[in-house]
């Protein structure tokens, strides 16, 4: 029996030569645009499923390679039959799809707590209704998800499906103070999981997460066994939390180091001074050397974020010479006298 060919590159509106980054960027844009919680048009959910299926294939180098092996001459909607020997290409000549119990590593549900604002999972393999017959024809039950596996078990010998739960990926935003000191967070995620029959079920799960001190922007925290539920005897998947550190009004984070800008008066820069500088543990005294310049950076050792290997990063204080907007009569006289007696010429080469 033939099925309708699906052009996954056309679905994501990318070239066949697109990089993984370009494919991911296109998927995220289209998935947000057509997510049923956002787009209420009758075709949105169907389009959302098609986008997820295309991404499931093109994000995976192995599946993409197998898909590309079909060649470039197929058009979307054409009647398609896999070429002779296709199962041997996919399954290594082992006789094609096997009856009985099936096992798999689980898919990957990708969504972002903040970006989606409580929407359901947006990732390929998220269980939003399963994949097309075209997908299952090409990749078989080992890639088609639990629903396809359940059909395979019932139709080809009644074996029980065993599949590891999906790895759930999400992101959580924390403050710089939380990154510095560590914190406990409670987050609620919208999830989509499959039951024993393979049917999709949407719901919410609450997680308690410990943010260790010294967590940097982009760090990933793995919560083992806290991802999607396994099918049958399959173990639950993991939850991967990618941490984002929110911008701070006073400090800039650079790996484990911090940066801040400190205004100083012209006479403090010229004569040197002891001034108060902010840190995440409270103000400290900073020595400004005589002859300091705007843009000059002074280092406060050990005032950055803690590191796993021990020790801490540093805090770099960038000096900014600030001129008073208004002057008293006495200040004006003193500056005029300085201008009269000084030999300093900032424009001299």
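In my numbering, the protein residues as written are 2 to 350.
Even for Gly, the Cβ is constructed at its ideal location relative to N, Cα and C.
Residue ranges of each beta strand (DSSP E) within the segment 253-315, 3 or longer: If only uninterrupted beta strand (DSSP E) runs of at least 3 residues are considered, those enclosed by the segment 253-315 are 253-255, 258-265, 274-278, 285-289, 298-301.
Distance, residue 28 Cα to residue 53 Cα: 8 Å
Same chain, Cβ closer than 7 Å to residue 12, five either side skipped, listed in chain order: Closer than 7 Å at the Cβ level, and outside the excluded window around residue 12, lie 51, 52, 55.
Three-state secondary structure (DSSP) of residue 350: coil
Sub-7 Å separation of residue 251 and residue 280 beta-carbons: no
Collapsed DSSP secondary structure at residue 227 in the structure displayed: coil
At least three beta-carbon pairs within less than 8 Å, the segment 275-295 to the segment 232-246: no
Residue environment, residue 311, which counts as buried when at least 16 other CB atoms sit within 10 Å: The C-beta of residue 311 has fewer than 16 other C-beta atoms within 10 Å across all chains shown, which makes the residue exposed.
Option nearest residue 292 by Cα separation, candidates 313, 307, 270, 306: 270
Member of 37, 339, 289 whose CA lies at the smallest distance from the CA of residue 266: 289
Three-state class that DSSP yields for residue 70 in the structure shown: Reduced to three states, the DSSP call for residue 70 is coil.
Backbone secondary structure at residue 65 - three-state DSSP: helix
Buried versus exposed, by CB contacts within 10 Å (16 or more), residue 294: exposed
Residue 12 in three-state terms, based on DSSP: DSSP places residue 12 within a helical segment (H, G or I) once states are collapsed to three.
Residue burial classification, residue 192 (beta-carbon count within 10 angstroms, cutoff 16): buried
Counterpart residues of residue 181 in DSSP-defined beta bridges: Answer is none; residue 181 lacks a bridge partner.
Proximity winner among 167, 14, 208, 275, relative to residue 187 (alpha-carbon distances): 208
Integer Cβ distance of residue 321 from residue 264, believed to fall under 8 Å: Sure, about 5 Å apart at Cβ, within 8 Å.
Candidates 307, 309, 316: closest to residue 298 by CA position: Closest by alpha carbon: 316.
Local conformation of residue 47 per DSSP, three classes: helix
DSSP-derived helix/strand/coil call for residue 243: In this structure, DSSP gives residue 243 an extended state, which the three-state scheme calls strand.
Limits of the beta strand (DSSP E) - the one that residue 22 falls within: First-last for residue 22: 21-35, but that is the alpha helix (DSSP H), not the beta strand (DSSP E).
8 Å CB neighbourhood of residue 217 in its chain, flanking five on each side removed: 180, 244, 246, 254, 256, 257, 306
Test item: CB-CB of residue 183 and residue 222 under 7 Å: no
As assigned by DSSP and simplified to three states, the class of residue 341: helix
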